[in-house]
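The block underneath contains the structure these notes are about, expressed in structure tokens.
Number of protein chains: 2
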Amino acid sequence: MRLWYNPASPFARKVRIVARETGLAEGIDEVNTVVSPVKPNAELARENPLIKIPTLAVPGEGTLYDSAVICEYLDSLHPGAPLFPGAGAERWRALRLQALGDGILDAAVLMRYEGVVRPEALRWGDWISGQLEKIRGGLSALDRECAGWGDRFAIGQITAACVLGYLDFRFAEQDWRAPHPALAQWYAGVAQRPSMKATLPQ
Amino acid sequence: MRLWYNPASPFARKVRIVARETGLAEGIDEVNTVVSPVKPNAELARENPLIKIPTLAVPGEGTLYDSAVICEYLDSLHPGAPLFPGAGAERWRALRLQALGDGILDAAVLMRYEGVVRPEALRWGDWISGQLEKIRGGLSALDRECAGWGDRFAIGQITAACVLGYLDFRFAEQDWRAPHPALAQWYAGVAQRPSMKATLPQ
């Protein structure tokens with residue numbers, strides 16, 4: 001299998017953590033590639049018309065995206081405890097938590113595009129405020145919920161960890177820990193996992 | 203169950219089509235609500251911190267989002283043919299097709315925000331070009347693939363239909379049919395389904 005990723009991408013990090021947590025990393029050829037919403041990447045466009053990472057090419061299966069699809073596919077390939085619960089209330093809770101984390105990341109990535117990629121004269125304060133409100137509301141929800149996670153590190157928790165790692169990486173000046181002490185304590189623990197250390201954004 | 207939606211939202215339309223295709227619509231209280239990336243919606247924020255539609259409140263299960271999670275949840279509640287294949291290659295093909303459609307919609311919605319919601323002086327041509335490239339590449343992929351769909355109308359095809367309905371609704375001046383005749387013919391057929399007619403954006 002071949003995975004197009006970038007070390008800075010939090011969505012690609014989800015996939016790379018899943019690959020490591022499930023023991024599948026050795027079978028995946030990781031291709032470091034650069035994507036931008038305003039610069040075409042012709043090689044990646046041939047694999048994924050959305051020109052986004054992560055993208056996974058699977059011999060015989062074609063190409064898979066987005067991160068949620070790739071993570072669930074990888075989870076089907078290993079014999080260990082599933083990262084995606086198979087059915088019932090636990091499944092919907094896990095998928096909803098993944099969607100919450102992915103949504104916070106969408107907002108954070110859009111905020112970064114607005115504040116860094118877009119020419120300064122074209123930036124819009126209301127847009128940044130709107131995305132920031134989603135991030136703050138999302139973090140508060142994670143902070144309330146994390147007490148119930150125990151030592152689980154399934155797809156929802158993996159996504160939450162990618163959120164916090166991305167905020168540290170791109171928005172270090174906005175201290176997310178101070179208003180969210182429970183989440184900060186949870187993150188301090190999971191950040192020690194080898195899968196997290198091996199995929200630290202840079 | 204209570205569903206927050208807006209008749210203009212293509213992601214909410216996915217859920218409303220799934221509800222109708224699975225015979226579950228009568229058990230869902232549809233609440234028409236207005237969301238904007240730059241205006242808070244305090245009522246919705248209490249249910250979904252991402253302040254996005256669709257959002258589904260399920261008694262006893264909590265609140266579910268995003269559209270992919272809600273659609274798969276609804277699909278678990280009915281005895282008919284599943285819209286999400288349960289396992290194996292067919293599942294990954296269906297989820298990848300859903301992700302392709304969702305990604306085209308993400309690009310189209312961002313293009314609309316840029317071209318309509320954002321103040322004119324702050325619009326950025328490169329951003330619009332970048333999103334347009336994703337839409338065009340995605341449509342070409344759908345056009346190539348649709349010959350293999352037969353009369354299936356599962357989650358991937360439902361998402362593709364929402365893409366095309368949204369382009370008709372918001373970007374009618376950009377004629378997607380002319381360069382994609384196979385897709386146009388497929389859409390002419392599925393647009394006649396009662397679930398599609400009942401959810402036509404307005």
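Those protein sequence lines, which keep their order, are chains R and L. Residue numbering for the first sequence follows the working numbering, beginning at 1 and increasing consecutively. Residue numbering for the second sequence follows the working numbering, beginning at 203 and increasing consecutively. Just so it is clear, CB atoms sit at the ideal spot from N, CA and C, and this is done for glycine as well.
* Asked: If you draw a straight line from the alpha carbon of isoleucine 337 of chain L to that of asparagine 32 of chain R, how long is it in whole angstroms?
  -> Taking the second sequence and counting its residues from 1, one reaches residue 337 of chain L at position 135. Taking the first sequence and counting its residues from 1, one reaches residue 32 of chain R at position 32. Approximately 24 Å between the Cα atoms of the pair.
### Query
Between the beta-carbon of valine 217 of chain L and the beta-carbon of isoleucine 272 of chain L, is there less than 7 Å?
Taking the first residue of the second sequence as 1, we reach residue 217 of chain L at position 15. Taking the first residue of the second sequence as 1, we reach residue 272 of chain L at position 70. Their beta carbons are under 7 Å apart, which means valine 217 of chain L touches isoleucine 272 of chain L by this criterion.
* Asked: By how many angstroms is the C-alpha of valine 240 of chain L removed from the C-alpha of proline 315 of chain L?
  -> Residue numbering aside, residue 315 of chain L sits at position 113 when the second sequence is read from its first letter. Residue numbering aside, residue 240 of chain L sits at position 38 when the second sequence is read from its first letter. Per the sequence shown, residue 315 of chain L should be read as tyrosine rather than proline. When the Cα atoms are used, tyrosine 315 of chain L and valine 240 of chain L turn out to be separated by approximately 10 Å.
- For the alpha helix (DSSP H) that contains aspartate 377 of chain L, what are its first and last residues? Along the second sequence, read from residue 1 onward, the residue named residue 377 of chain L stands at position 175. It is not in any alpha helix (DSSP H) - aspartate 377 of chain L carries neither H nor E in the DSSP assignment.
Cβ closer than 9 Å: which chain R residues qualify as neighbours of tryptophan 329 of chain L? Position 127 of the second sequence, counted from the start, is the residue given in the question as residue 329 of chain L. The answer, in chain order, is Pro37, Val38, Tyr113, Val117, Arg118 and Leu122.
Query raised in the report: Unbroken beta strand (DSSP E) runs of length 3 or more, entirely within the region 108-189 of chain R: which are they?
Result: The qualifying runs do not exist here; there are none.
### For isoleucine 155 of chain R and glutamine 98 of chain R, believed in contact at Cβ under 8 Å, the rounded distance
Along the first sequence, one-based indexing puts residue 98 of chain R at 98. Along the first sequence, one-based indexing puts residue 155 of chain R at 155. About 5 Å; that satisfies the 8 Å criterion.
Which residue marks the beginning of the beta strand (DSSP E) containing alanine 8 of chain R, and which one marks its end?
Translated into the one-based positions of the first sequence, residue 8 of chain R becomes position 8. Counted as a single uninterrupted DSSP element, the stretch harbouring alanine 8 of chain R is not any beta strand (DSSP E), since DSSP gives it neither H nor E.
Practice problem: Report all residues from its chain with a CB closer than 7 Å to the CB of tryptophan 127 of chain R; omit the five preceding and five following residues, and keep chain order. | Solution: Your numbering for residue 127 of chain R matches position 127 in the first sequence. If we look at tryptophan 127 of chain R and ignore the five residues flanking it on each side, its Cβ neighbours are Glu114.
Exercise. Are any of the Cβ atoms in chain L nearer than 7 Å to that of leucine 24 of chain R?
Worked result: Taking the first sequence and counting its residues from 1, the one referred to as residue 24 of chain R is at position 24. Not one beta carbon of chain L lies nearer than 7 Å to the beta carbon of leucine 24 of chain R.
Can you give the beta carbon distance from threonine 361 of chain L to glycine 282 of chain L, rounded, assuming they're within the 8 Å contact cut? The count along the second sequence starts at 1 and reaches residue 361 of chain L at position 159. The count along the second sequence starts at 1 and reaches residue 282 of chain L at position 80. Threonine 361 of chain L to glycine 282 of chain L, Cβ: 19 Å. No contact.
Please decide whether proline 251 of chain L counts as near chain R, where near means a Cβ-Cβ distance under 7 Å. If you number the second sequence from 1, residue 251 of chain L lands on position 49. Answer yes: the Cβ-Cβ gap between proline 251 of chain L and chain R drops below 7 Å somewhere.
Would you mind reading off the limits of the beta strand (DSSP E) that contains glutamate 30 of chain R?
The sequence position of residue 30 of chain R within the first sequence is 30, counting from 1. That run of the beta strand (DSSP E) goes 29-32.
DSSP beta-bridge partners for serine 238 of chain L? Counting from 1 along the second sequence, the entry for residue 238 of chain L is found at position 36. Bridge partners of serine 238 of chain L: L:Lys241.
Does the region 103-113 of chain R come into contact with the region 166-182 of chain R, if we say contact requires no fewer than three beta-carbon pairs (one atom in each stretch) closer than 8 Å? With the cut-off at 8 Å, the region 103-113 of chain R and the region 166-182 of chain R touch.
Open item on the list: 7 Å is my cut-off, CB to CB: does tryptophan 186 of chain R come that close to chain L?
Closed with: Here the question's residue 186 of chain R lines up with position 186 in the first sequence. Taking Cβ atoms only, chain L never reaches closer than 7 Å to tryptophan 186 of chain R, which makes this a no.
- Inter-residue CB distance, glycine 138 of chain R and proline 251 of chain L (contact presumed, cutoff 8 Å): The residue given as residue 138 of chain R occupies position 138 in the first sequence. The residue given as residue 251 of chain L occupies position 49 in the second sequence. Distance from glycine 138 of chain R to proline 251 of chain L at the Cβ level is roughly 5 Å; contact confirmed, criterion being Cβ atoms closer than 8 Å.
Could you tell me if leucine 105 of chain R is buried or exposed, where buried requires 16 or more neighbouring beta carbons within 10 angstroms of its beta carbon?
-> Against the first sequence, residue 105 of chain R aligns to sequence position 105. Taking all protein chains shown into account, leucine 105 of chain R has 16 or more neighbouring C-beta atoms within 10 Å of its C-beta and is therefore buried.
task = Ignore the nearest five residues each way along the sequence and tell me which others in cysteine 348 of chain L's own chain have a CB closer than 7 Å to its CB.
result = Walking along the second sequence from the start, residue 348 of chain L turns up at place 146. Closer than 7 Å at the Cβ level, and outside the excluded window around cysteine 348 of chain L, lie Ala384, Leu385 and Trp388.
**Message:** Can you give me the C-alpha to C-alpha distance between alanine 291 of chain L and aspartate 66 of chain R, rounded to a whole angstrom?
**Reply:** If you number the second sequence from 1, residue 291 of chain L lands on position 89. If you number the first sequence from 1, residue 66 of chain R lands on position 66. Going from the Cα of alanine 291 of chain L to the Cα of aspartate 66 of chain R covers about 16 Å.
By how many angstroms is the C-alpha of alanine 57 of chain R removed from the C-alpha of arginine 293 of chain L? As a working mapping, residue 293 of chain L is identified with position 91 in the second sequence. As a working mapping, residue 57 of chain R is identified with position 57 in the first sequence. Between arginine 293 of chain L and alanine 57 of chain R, the C-alpha separation is close to 16 Å.
Rounded to whole angstroms, what's the CA-CA distance from glycine 86 of chain R to alanine 323 of chain L? Just pull it up for me. Start at 1 with the first residue of the first sequence, and residue 86 of chain R comes out as number 86. Start at 1 with the first residue of the second sequence, and residue 323 of chain L comes out as number 121. Each residue's alpha carbon lies about 49 Å from the other.
Exercise for the section: Starting from lysine 52 of chain R, find everything on chain L with Cβ-Cβ shorter than 9 Å and list it in chain order. Expected result: If you number the first sequence from 1, residue 52 of chain R lands on position 52. Within chain L, the residues near lysine 52 of chain R are Gly305 and Lys336.
**OP:** With DSSP as the reference, please indicate the residues paired to leucine 266 of chain L in a beta bridge.
**Re:** Locating residue 266 of chain L in the second sequence gives position 64, counting from the first residue. As a beta-bridge residue in DSSP terms, leucine 266 of chain L pairs with L:Leu258.
* To do: From the DSSP output, read off the bridge partner residues of arginine 204 of chain L.
  => Position 2 of the second sequence, counted from the start, is the residue given in the question as residue 204 of chain L. Partner(s): L:Asp231 and L:Ala259.
Check: CA-CA distance, valine 116 of chain R and glutamate 245 of chain L?
Finding: Reading the first sequence from its first residue, position 116 is the one you call residue 116 of chain R. Reading the second sequence from its first residue, position 43 is the one you call residue 245 of chain L. C-alpha separation (whole angstroms): 32 Å.
Self-check item: Through-space distance from arginine 248 of chain L to arginine 41 of chain R, alpha-carbon basis
Solution: Here residue 41 of chain R refers to the residue found at position 41 of the first sequence. Here residue 248 of chain L refers to the residue found at position 46 of the second sequence. For the record, residue 41 of chain R in the displayed sequence is asparagine; it is not arginine. Going by the C-alpha atoms only, they are around 39 Å apart.
> Hey, is valine 69 of chain R's beta-carbon within less than 7 Å of any beta-carbon in chain L?
Replying inline: The sequence position of residue 69 of chain R within the first sequence is 69, counting from 1. Yes - at least one Cβ of chain L is within 7 Å of the one on valine 69 of chain R.
At the level of alpha carbons, what is the spacing between asparagine 6 of chain R and leucine 64 of chain R? By one-based count along the first sequence, residue 6 of chain R stands at place 6. By one-based count along the first sequence, residue 64 of chain R stands at place 64. If you draw a straight line from the Cα of asparagine 6 of chain R to the Cα of leucine 64 of chain R, it comes to about 16 Å.
Practice task
Taking the CB atoms as reference points, tell me whether tyrosine 368 of chain L and alanine 310 of chain L lie closer together than 7 Å.
Solution key: To locate residue 368 of chain L, count along the second sequence from 1; it is residue 166. To locate residue 310 of chain L, count along the second sequence from 1; it is residue 108. Yes; because the gap between Cβ atoms is below 7 Å, this pair is in contact.
Worksheet entry | Environment of serine 249 of chain R [buried if 16+ CB atoms lie within 10 Å] | There is simply no residue 249 of chain R to check, as chain R begins at 1 and stops at 202 in what is shown.
- Cβ-based contacts, 9 Å cut-off: residues of the region 282-299 of chain L near chain R: The region 282-299 of chain L vs chain R, Cβ under 9 Å: Ala289, Gly290, Ala291, Arg293, Trp294, Arg295, Leu297 and Arg298.
For the candidate residues R:Ser9, R:Leu164, R:Arg20 and R:Gly27, whose alpha-carbon lies nearest to that of isoleucine 53 of chain R?
Sequence index remark: in the first sequence, residue 53 of chain R carries index 53 (1-based). Distances from the CA of isoleucine 53 of chain R to each of R:Ser9, R:Leu164, R:Arg20 and R:Gly27 were compared; the closest alpha carbon is that of R:Ser9.
| Any idea what DSSP makes of leucine 105 of chain R, helix, strand or coil? | Within the first sequence, numbered from 1, the residue matching residue 105 of chain R stands at position 105. When DSSP states are grouped into helix, strand and coil, leucine 105 of chain R belongs to the helix group.
Contact criterion: CB-CB distance below 7 Å. Does alanine 210 of chain L meet it with respect to chain R? One-based indexing of the second sequence puts residue 210 of chain L at position 8. With respect to chain R, the C-beta atom of alanine 210 of chain L has no partner C-beta closer than 7 Å.
Tell me, to the nearest whole angstrom, how far the beta carbon of proline 119 of chain R is from that of tryptophan 326 of chain L; I am working on the premise that it is less than 8 Å. Within the first sequence, residue 119 of chain R is the residue found at index 119, counting from 1. Within the second sequence, residue 326 of chain L is the residue found at index 124, counting from 1. Indeed they touch by this definition, with Cβ atoms about 7 Å apart.
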